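Here is the structure we will look at, set down as structure tokens.
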Ligand code: URA
Ligand code: SF4
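Here it is, written out as structure tokens:
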């Protein structure tokens, strides 16, 4: 089976999933999108209102910020994979529960195996903690961890994790937005000069 076919199957499983209570309140599940494989994987927390309405990740206000940050380092959105820890919107954007996160985990694990990212960028404290703690790393606060480089093994490969602030958290906070832009500079360095439609090695 090709990677694309496998991805289509995962997407279909997510869109029809009823494994946790969030299935009852979602409009559309949001599997995530991007090429497989992809050198960079962004992991957010959960779909928000706009994402739930469209079935696509980071298409609301936070998504616009993410697009701008990517453009700032010369990377286009269709070169990277973007998803969330839980694929369905929690009512009123409440935090997902541990049970919901656990129920949704197999989808992200299947996606990692397919995407095989070199660099994983958790967006915000919540995603950072989930990614690092599930790999035996006890993270400090995001204010200390953002922009740092943490090496883990996940799904049979070495992955470089670069936690950053959640784009939505930087709205109206220029200092945090500058830190976020600087951390995208770190992502660009980690990925090296080979990145891009002409130089990528996927
Ligand atoms: N915030 C997230 O964490 N994920 C999205 O997809 C959109 C906003
Ligand atoms: Fe299934 Fe995940 Fe949606 Fe829960 S959040 S219904 S586990 S896809």
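Residue numbers (our numbering): -16 to 185. All residues carry an ideal CB built from backbone N, CA and C; glycine is no exception. These numbers were taken from a predicted model, which means no experiment stands behind them.
Can you have a look at residue i and say buried or exposed, based on whether 16 or more other CB atoms are within 10 angstroms of its CB?
i           : result
residue 89  : exposed
residue 75  : exposed
residue 70  : buried
residue 107 : buried
residue 166 : buried
residue 82  : exposed
residue 8   : exposed
residue 179 : Annotation note: pLDDT 43 at residue 179 (below 50); position unreliable, no value reported.
residue 28  : buried
residue 77  : exposed
residue 168 : exposed
residue 174 : buried
residue 127 : exposed
residue -8  : exposed
residue 14  : buried
residue 140 : exposed
residue 157 : exposed
residue 123 : exposed
residue 51  : exposed
residue -6  : buried
residue 65  : buried
residue 147 : buried
residue 154 : exposed
Confirm, please, whether the CB-CB distance from residue j to residue i is below 8 Å.
i           : j           : result
residue 120 : residue 170 : no
residue 102 : residue 22  : yes
residue 130 : residue 145 : yes
residue 135 : residue 20  : no
residue 40  : residue 67  : yes
residue 111 : residue 125 : yes
residue 11  : residue 35  : yes
residue 5   : residue 73  : yes
So residue i packs on residue j, CB below 8 Å; how close in whole Å?
i           : j           : result
residue 17  : residue 63  : 6 Å
residue 159 : residue 152 : 6 Å
residue 149 : residue 137 : In fact, because the Cβ distance is near 21 Å, the residues do not count as touching under 8 Å.
residue 43  : residue 31  : 5 Å
Check: For the ligand URA, which residues count as neighbours when the test is a C-beta closer than 7 Å to any heavy atom?
Finding: 13, 27, 28, 29, 30, 31, 34, 40, 41, 43, 45, 46, 67, 106, 107, 149, 151
Notebook entry, point to check: What are the complete beta strand (DSSP E) segments, minimum 3 residues, inside the segment 84 to 172?
Noted result: 102 to 105, 133 to 137, 140 to 144
Next item on the list: Could you please go through the chain and list the residues whose beta-carbon is closer than 7 Å to any non-hydrogen atom of the ligand SF4?
Entry: -3, 0, 1, 2, 3, 5, 6, 9, 12, 69, 70, 71, 83, 86, 87, 90
Next item on the list: Pick out the complete beta strand (DSSP E) segments inside the segment -14 to 30, 3 residues or longer, and give them in chain order.
Entry: 23 to 27
Margin query: List, from N- to C-terminal side, the beta strand (DSSP E) runs of 3 residues or more that fit wholly inside the segment 50 to 75.
Written below: When DSSP assignments are scanned along the segment 50 to 75, the uninterrupted stretches of beta strand (DSSP E) that are 3 or more residues long and fall wholly within it turn out to be 64 to 67.
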